[in-house]
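Colleague:
2 protein chains.
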Amino acid sequence: MALEYAILVSLLEQPGSGYELARRFDRSIGRFWTATHQQIYRVLGRMEADGWLAVELTAQSARPDKKIYSAAEPGRAALAAWLREPVQPESVRHEMAVRIRAAAFDDPAALIPEVERHRTAHAELLDRYLAGEQRDFPDLESLDVQQQLQHVVLRGGIEYERMTLAWLDDVLVTLHRLSH
Amino acid sequence: MALEYAILVSLLEQPGSGYELARRFDRSIGRFWTATHQQIYRVLGRMEADGWLAVELTAQSARPDKKIYSAAEPGRAALAAWLREPVQPESVRHEMAVRIRAAAFDDPAALIPEVERHRTAHAELLDRYLAGEQRDFPDLESLDVQQQLQHVVLRGGIEYERMTLAWLDDVLVTLHRLSH
DNA sequence: ACTTGCTATGCAACTCGTTGCATAGCAAGC
DNA sequence: GCTTGCTATGCAACGAGTTGCATAGCAAGT
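Protein sequence lines correspond, in order, to chains A and B. So in the numbering used here, spot 94 of the first sequence is number 141, and the numbers just go up one at a time. So in the numbering used here, spot 165 of the second sequence is number 212, and the numbers just go up one at a time.
Shown next, in the form of structure tokens:
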């Protein structure tokens with residue numbers, strides 16, 4: 048399971064509460080790892096019990112206490128050990144690919160609106176990546192180690208979106224051709 | 048859940064037993080949807096109970112009976128209905144991206160062997176895709192609807208692997224630079 | 001002779017992940 | 001005044017997916 052490690056990375060980059068982590072997983076981290084707030088709270092509890100995290104309670108007027116988590120030494124050690132483990136092959140789940148093959152047994156044209164909506168979503172994501180790159184990495188000559196690694200991951204996201212957009216155009220051409 | 052629909056597509060393309068389906072999910076279908084034989088048997092049982100599948104029992108000497116499944120009309124109708132549902136945003140899990148950002152808090156050079164192994168695996172997958180394309184689609188001018196849709200999905204897989212290889216090269220250059 | 005591997009299905013136990021709901025006050029818009 | 005939305009955490013129930021094991025004979029390699 049890699050959610051623990053995704054959380055550790057996020058807390059090493061910047062300590063925060065469960066709620067803040069959940070928002071990060073909806074934004075930057077969510078680009079390569081998604082999780083609901085439920086899962087995050089549960090895993091945070093387990094990691095705290097295992098001594099991977101340090102917690103600082105912040106009392107707030109008229110609100111539940113805010114628990115600010117940060118990575119403790121055993122957590123950092125666990126992360127270093129994980130980095131040396133072999134990467135297991137990703138388990139692929141490409142719903143759009145299943146739908147395209149499914150279209151052969153229905154009307155291929157019926158799929159076009161969904162593919163177009165999908166394309167729009169990916170185009171918007173690419174725009175957000177490019178805007179984020181401008182904002183977070185304005186001067187590529189003066190990046191520290193952490194930023195350089197963040198940037199190479201972001202470049203991967205950008206190339207993935209470009210590739211996906213080109214493929215979805217290919218899919219749309221194919222579907223239109225089949226609808227004569 | 049899309050495993051039902053991935054199974055339906057596979058059975059519409061070619062009826063088969065649970066065991067055969069499991070092997071297909073390790074090969075061609077596995078390129079965009081993975082599942083263990085356990086999950087396949089369980090979901091097949093549910094689909095059969097729901098009347099989505101037709102079953103033909105084949106007695107075999109000295110082996111358990113082979114159950115040959117094929118898609119029944121209610122299954123086909125369910126697939127058509129699913130095709131018209133909105134695609135929900137994919138839940139992304141890119142372990143390598145988490146590892147790369149994690150490397151900032153450890154030794155970036157320690158990650159290089161794993162990235163190289165990962166790169167080799169993707170290069171082999173690309174080779175298999177290209178060989179499969181030659182084998183299954185030798186004459187691109189004479190493909191029926193089903194083959195054209197299978198081919199556009201395969202083209203997506205090929206482009207994904209090419210993009211991934213280029214990105215992993217970028218990652219390796221970055222990691223080597225950080226290890227001076 | 002012995003092990004390994006393939007065909008073929010399935011149970012049991014577990015972990016991972018999602019969905020629905022609950023609390024609770026504050027701020028902003030209508 | 002009323003709804004909507006945000007901050008902040010969490011329980012309970014469910015569904016998805018994995019891991020380990022079991023059966024059982026046949027074929028092929030060592």
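The beta-carbon is built from N, C-alpha and C at its ideal position, and this holds for glycine as well.
1. Is B/TYR116 close to chain A, meaning its C-beta is less than 8 angstroms from at least one C-beta of that chain?
2. Measuring alpha carbon to alpha carbon, tell me which of A/ARG131, A/ALA168, A/LEU100 ends up nearest A/SER117.
3. Interface residues of chain B around A/ILE147 at Cβ under 7 angstroms?
4. Taking 8 angstroms as the limit between beta carbons, can you name the residues of its chain near A/ALA241, skipping five residues before and five after?
5. Do you know offhand how far A/GLU95's Cα is from A/GLU51's?
6. To the nearest angstrom, how far is the alpha carbon of B/PRO133 from that of A/GLU161?
7. Check each residue of the stretch 155 to 168 of chain A: if its Cβ is closer than 8 angstroms to any Cβ of chain B, include it; give the result in chain order.
8. Does the distance from the CB of B/GLN195 to the CB of A/LEU219 come in under 8 angstroms?
9. Please name the residue in A/SER64, A/VAL90, A/GLN85, A/ALA125 whose C-alpha comes closest to that of A/ILE115.
10. Let's see if you can read the secondary structure: which residues bound the alpha helix (DSSP H) around B/ILE26?
11. Do three or more CB pairs link the stretch 75 to 83 of chain A to the stretch 120 to 132 of chain A at distances below 8 angstroms?
12. Could you name the residues of chain B that A/PRO136 contacts, counting a contact when the two beta carbons are closer than 8 angstroms?
13. Cβ atoms of A/HIS165 and A/MET143: under 8 angstroms apart, would you say?
14. If you reduce the DSSP assignment to three classes, tell me which class B/THR105 lands in.
15. Can you check whether the C-beta of B/THR105 is within less than 8 angstroms of a C-beta belonging to chain A?
16. Say whether the stretch 138 to 152 of chain B touches the stretch 185 to 203 of chain A, bearing in mind that this needs 3 or more beta-carbon pairs closer than 8 angstroms, one atom from each stretch.
Modeller: With the given structure in hand:
1. no
2. A/LEU100
3. LEU196, VAL199, VAL200
4. Here chain A comprises residues numbered 48 to 227, so residue 241 of chain A is not present and cannot be evaluated.
5. 11 angstroms
6. 6 angstroms
7. PRO155, ALA157, LEU158, GLU161, ARG164, HIS165, ALA168
8. no
9. A/SER64
10. No statement about residue 26 of chain B is possible, as the shown extent of chain B runs from 48 to 227 and does not include it.
11. no
12. ALA168
13. yes
14. strand
15. no
16. yes
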